[in-house]
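Working notes, structure below.
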Amino acid sequence: MAPTKKPQNKRNARIAKKKSQLKAAHDNKKVLKDLLKEAEDLENQCAKEGAELQEMKVALDRLYNADAEINECKSCRLEFNKEDRIPRLLKCGHTVCENCYFTKAKTYKREQYPIYKCLECKEKIKLITYQENNDGKPPKNYTIATYIDKYF
């Protein structure tokens with residue numbers, strides 16, 4: 739009877755091995771399913787963060803353009819500075835550099851004083867308007883001047 743028992747033991751061992759392999763396959767299938775789910779979640783997160791990054795880039799570009807706009811004279815398109823391109827605040831509220839204010843003012847036949855015509859709103863500003871200042875110049879735009887001092 740011993741010979742019968744030996745094949746039975748081999749058979750049981752093979753069955754046990756197959757069951758073990760089947761269980762391992764099921765476990766691997768579960769692990770694979772979990773990994774696929776995690777990969778899908780990561781792809782979704784990556785897409786979401788990519789969209790957020792694009793939104794930030796657009797906002798940053800907008801800020802960069804705004805910085806470039808605030809830092810340049812609307813008349814000559816050159817950057818303001820502390821020497822000859824000092825940002826000057828006009829009576830109309832717009833800002834031009836000191837150089838443009840004085841060099842682009844025109845004297846008309848009927849006017850006693852030169853007139854600067856704002857390029858943005860077209861308001862005509864007599865250069866005499868600012869004579870009450872001790873230097874005869876429009877007031878400095880301190881917001882822009884501070885910005886220039888701080889960042890340039």
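If you read the sequence shown in the working numbering, its first letter stands for residue 739, the second for the next number, and so on. Note that CB positions come from ideal geometry on N, CA and C, so glycine has one too.
- When DSSP assignments are scanned along the segment 788-875, the uninterrupted stretches of beta strand (DSSP E) that are 3 or more residues long and fall wholly within it turn out to be 825-827, 833-835, 853-855, 862-864.
- Proximity of the segment 838-849 to the segment 811-830 meets the contact definition, three or more beta-carbon pairs being nearer than 8 Å.
- Inter-residue distance for R815 and K795 is about 25 Å (C-alpha atoms, whole angstroms).
- Between H832 and C859 a beta carbon distance of about 6 Å is seen, short of the 8 Å cut, so the two are scored as contacting.
- Separation of N819 and Y885 (C-alpha to C-alpha, rounded to the nearest whole angstrom) is 10 Å.
- Nearest Cα to K864 within the set L857, K875, P852, C856: P852.
- At the C-beta level, K862 and K855 come within 8 Å of one another.
- Here the alpha carbon of K767 sits roughly 25 Å from the alpha carbon of C784.
- Separation of the CB atoms of E821 and N809 is rounded to 15 Å, and the pair is thereby denied contact status at 8 Å.
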